[in-house]
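Taken in order, these protein sequences are the chains called B and F. Here the first sequence stands for residues 68 to 428, numbered as in my numbering. Here the second sequence stands for residues 1481 to 1659, numbered as in my numbering.
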Amino acid sequence: MTAIPNPEEAQAAIEYCYAQGWSDGLPLVPASQPLVDRFLATTTRSPEEVIGEIEQVGRDCTVYLAAVNAAMAGCLPGYFPVVLAAFDALMRERAARGGGWQSTSGPAPMIVVNGPVRHELGFNTAGGAFGPGFRPNATVARAIGLIVRNAFGIRPHVLEQATQGLPGRWSICLAENEEESPWPPFAADGGQPAGTSAVSATLLRTCEFVDNRHTPDPEQVLWDIADTVSRTGSLIFKETSAGVVFCPEHAQMLAEAGFSKRGVQEWLMEHCGRTGADLRRAGKNGLRGIARFADPDPRADDSFTRILPSPRHVPIVVAGARNAAISMVVRIFGEWSGTATPVGPLTAALEHPTTPLGVPS
Amino acid sequence: MPYPILDPTGTIAADREKSPPPRARRRANLHGATVGLLVNTKQNAAPFLDEVGRLLIDRHGAKGTIARTKVNFAAPAPEELVKEMAASCDVIITGIGDCGSCSASAVADGIVFEAAGLPAAAICSDAFKVTADAMAGLRGAPGYRYATTPHPVAVLTPDQVKERAAQVLGDVVALLTHA
């Protein structure tokens, strides 16, 4: 083992990867067979297993290709079961199997990690939840982006047609702050028992902060959140989906006032929406099927249109530090599948002390 | 170097060497032809294709039109729909390719109909030429020709949609015939 790596060789390898068109713009870790073998050793799944297919572009992704891309993204081998679970979770999203990766809206996956794996692998569960700064959070999300680019061949300006894209694409991987959350973990909403290491994922069109350190009244906080959820710019269909990533302070304030997660969801379903006049002013009052259009007819001006059809359309996560009352509205592309994917056992790799896993000791 | 750097794309050379899908025989003209309209649900796609169909009847002697809607605009047209339209139509028009996935998909459908024996004309917004061309390459038909209309399409008024349909008509006829 070389004590000090040769920087010029490393630079040449990085430039080689750029020249092949494999990079998302940032340097890649050049993947070699021994490195990828260490990734594959963390799962019992066959390298040939197909884990995702995008029918319209005629490409699929195997466990092997996911491992190569995860290695290139900068993951440690031990993160690989989380990458696989995140990918499985995403491929359950209708939008991700359909045209989502090609879409003009340029959606970003939001990955949520729950359970003991967060600490075992050193995920950031506290401040700066949306990043950057932490290797597991940053590289697991990046691995998904590289899989879409390389294994599916969906590249910007070609099969990927994002008009503006959005900040955070390929970098949002939250580890829920379960320790300071007053509610059951997000994976429980996705059908996994509390205490399970599991990953949930959906696609986002953007994240919008709600800074409310102004009131001790939880309902005023909810009204503030409802205002952001209800903005007309995000409405394109009859209904929409918007989640809230609550900071611990807002979550605790709501829980102390007696709000369960379901209670918050129902409050938001009831109060989020716009009047017919508001929608008409923005050219979005008419409905043709599920699509909105500008209808000059003012007769529905006084009506109130609710936009969140079910609790599943209002997923709630708790993340970040308990140091300010700042929460995030996350604007979902399509709708969340409502499921969480358990992370495969980490023990196989942990039993081999020579295998680098998780946080370097 | 002891180990090569691994390729993360998984592209197999054999994929690129597939023989191109067959292109349908062109007609001399559209007299008596039944025109299939495969509408992809994008805003203004239905009135746009309806107007193209109407003009083909009025000006080019087409017999009639059969319109079908593709519910999932991002995905290829379902096999059954392709079979049904191939059996009942003589030529096909697909569109409007007006988004990231549906432009590529409109072209992919055109290529499928060609292979089923029907001359096809896909219509895409000109903002999506690169992605439409990329899809043609993926389907083994690089350089596949389709018609374009200037972007945007979704915000056009009904009269503007008719104007656009008239503008693209010549290209559609040329794609479907020897003309």
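From the three backbone atoms N, C-alpha and C, an ideal C-beta is built for every residue, glycine too.
Within the DSSP secondary-structure output, A1525 (chain F) pairs in no beta bridge.
Taking a Cβ-Cβ cut-off of 9 Å, P1501 (chain F) has no neighbours in chain B, whose nearest Cβ is about 12 Å from it. At a cut-off of 8 Å between beta-carbon atoms, W237 (chain B) makes no contact with chain F. Setting aside the 5 residues that flank it on each side, V117 (chain B) is surrounded in the same chain by D127, C128 and T129, each with a C-beta closer than 8 Å to its C-beta; the list follows chain order.
Within the stretch 356–426 of chain B, the complete beta strand (DSSP E) runs of at least 3 residues fall at 358–360, 371–373, 383–385 and 393–399. Distance from the CA of T1549 (chain F) to the CA of L1518 (chain F), rounded to the nearest whole angstrom, comes to 6 Å. Using a 10 angstroms sphere on the CB of E75 (chain B), the tally of other CB atoms stays under 16, which defines it as exposed.
Contact annotation: F253 (chain B) and V179 (chain B) have beta-carbon atoms nearer than 8 Å. With contacts defined by Cβ atoms closer than 8 Å, T1657 (chain F) and R1644 (chain F) do not form a contacting pair. The beta carbon of E247 (chain B) sits closer than 6 Å to the beta carbons of P315 and R389 from its chain, once the five residues preceding and following it are set aside; these are given in chain order.
Beta bridge pairing from DSSP links M177 (chain B) with B:I239 and B:T269. Going by DSSP, C1582 (chain F) is part of no beta strand (DSSP E) but of the alpha helix (DSSP H) stretching over G1580 to A1595. At a cut-off of 8 Å between beta-carbon atoms, Q1640 (chain F) makes no contact with chain B.
Close CB contacts of G353 (chain B) within its chain, under the 7 Å cut and outside five residues either way in sequence, are with R359, F360, A361 and D362 (chain order).
No Cβ-Cβ contact shorter than 8 Å links E245 (chain B) with N191 (chain B). Contact note: A1547 (chain F) does not reach chain B at a C-beta cutoff of 8 Å; the least C-beta distance is about 16 Å.
If you ignore the 5 residues before and after P249 (chain B), its C-beta comes within less than 7 Å of the C-beta of A318, Q319 and A322, all in its own chain and listed in chain order. Listed in chain order, the non-local C-beta contacts of F106 (chain B) below 7 Å within the same chain comprise A134, A137, A138, P144 and F147, local neighbours out to five positions each way being set aside. DSSP places E160 (chain B) in the coil class of the three-state scheme, outside both helix and strand. Taking every protein chain shown into account, the CB of Y85 (chain B) has fewer than 16 other CB atoms within 10 angstroms, so this residue is exposed. Scanning B:M395, B:I374 and B:K351 for the CA closest to the CA of L335 (chain B) turns up B:I374. Taking a contact to require three or more Cβ pairs closer than 8 Å, the stretch 261–271 of chain B and the stretch 328–344 of chain B do not qualify as touching. Short of 8 Å from the beta carbon of M158 (chain B), and not among the five residues preceding or following it, lie these beta carbons of its own chain, in chain order: I118, G119 and R164. Taking the CA atoms as reference points, D1639 (chain F) sits about 48 Å from L93 (chain B).
Close to Q259 (chain B), with beta-carbon spacing below 8 Å, lies no residue of chain F; the smallest spacing is near 29 Å. Judged by DSSP in its simplified three-state form, P315 (chain B) adopts helix. Annotated three-state conformation of V1515 (chain F) is strand, per DSSP. Here R1506 (chain F) carries a coil assignment [DSSP, helix/strand/coil]. Fewer than three beta-carbon pairs drawn from the stretch 198–214 of chain B and the stretch 1584–1597 of chain F are found closer than 8 Å, and the two stretches are therefore not classed as touching. Here H224 (chain B) is exposed. Its C-beta has fewer than 16 other C-beta atoms within 10 Å.
The beta-bridge partner set that DSSP reports for F147 (chain B) is empty.
A1601 (chain F) and I1576 (chain F) do not touch by the CB rule: their CB atoms are close to 12 Å apart, not below 8 Å. In this structure, the straight-line span from the alpha carbon of A152 (chain B) to that of R348 (chain B) is close to 44 Å. When DSSP reads this structure, G1544 (chain F) sits in a beta bridge with F:T1514. Taking C-beta atoms as the reference points, L271 (chain B) and F400 (chain B) count as a pair closer than 8 Å.
Looking at the backbone, the Cα of W89 (chain B) and that of P1482 (chain F) are separated by about 21 Å.
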